[in-house]
Amino acid sequence: MTNKRQIERMVKMCGVELPKKFVRVLEKYEHNEEALRDAGIAYAIDQITDLITEGIDGIHLYTMNNSFIAHRIYDAVQNLISVSTKV
4 MTNKRQIERM VKMCGVELPK KFVRVLEKYE HNEEALRDAG IAYAIDQITD LITEGIDGIH
64 LYTMNNSFIA HRIYDAVQNL ISVSTKV
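Under our numbering, the first residue of the sequence shown carries the number 4, and numbering increases by one thereafter.
Okay, here's the thing in structure tokens:
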């Protein structure tokens, strides 16, 4: 979550509805690029934690070629991933 217009364009193209929590975060931080980025990272980490807890087999991150975001998310969940692969 780094650019509100980009997200709105993807949503329109795909014809999907975003979760209410996602929309609230997007609207709250849309005018502060760094806060939106950090909120998006936090949202992704929370979602990944839920997925791993539920036993998902894999996760694919779409970070729009932004390695900073990919690294931040990976750093936050790497221990969760290693635990889930050992179980």
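For every residue, glycine included, the Cβ atom is placed at its ideal position computed from N, Cα and C.
Reference residue i, options the options, closest by Cα
i	options	result
Ile-44	Val-86, His-34, Thr-5 and Gln-81	Thr-5
Ser-70	Gly-61, Phe-25 and Arg-40	Arg-40
Val-26	Ser-85, Glu-57, Asp-60 and Ile-10	Ile-10
Ser-85	Glu-37, Met-67 and Asp-60	Asp-60
Gln-81	Ile-62, Tyr-46, Thr-66 and Asn-68	Ile-62
Classification of residue i by the beta-carbon crowding that lies within 10 angstroms, buried from 16 upward
i	result
Val-28	buried
Ala-42	buried
For residue i, the three-state DSSP class (helix, strand or coil)
i	result
Gly-58	coil
Leu-64	coil
Asn-35	coil
Beta carbon of residue i nearer than 8 Å to that of residue j
i	j	result
Leu-64	Ile-55	no
Ile-48	Ala-73	no
Asp-21	Thr-52	The question names Asp, yet the displayed sequence has Leu at residue 21. Not in contact: Leu-21 and Thr-52 (Cβ atoms no closer than 8 Å).
Glu-33	Lys-7	yes
Segment limits, alpha helix (DSSP H) that includes residue i
i	result
Met-16	7-17
Leu-2	Residue numbering for the chain in the displayed model covers 4 to 90; residue 2 lies beyond these limits and cannot be assessed.
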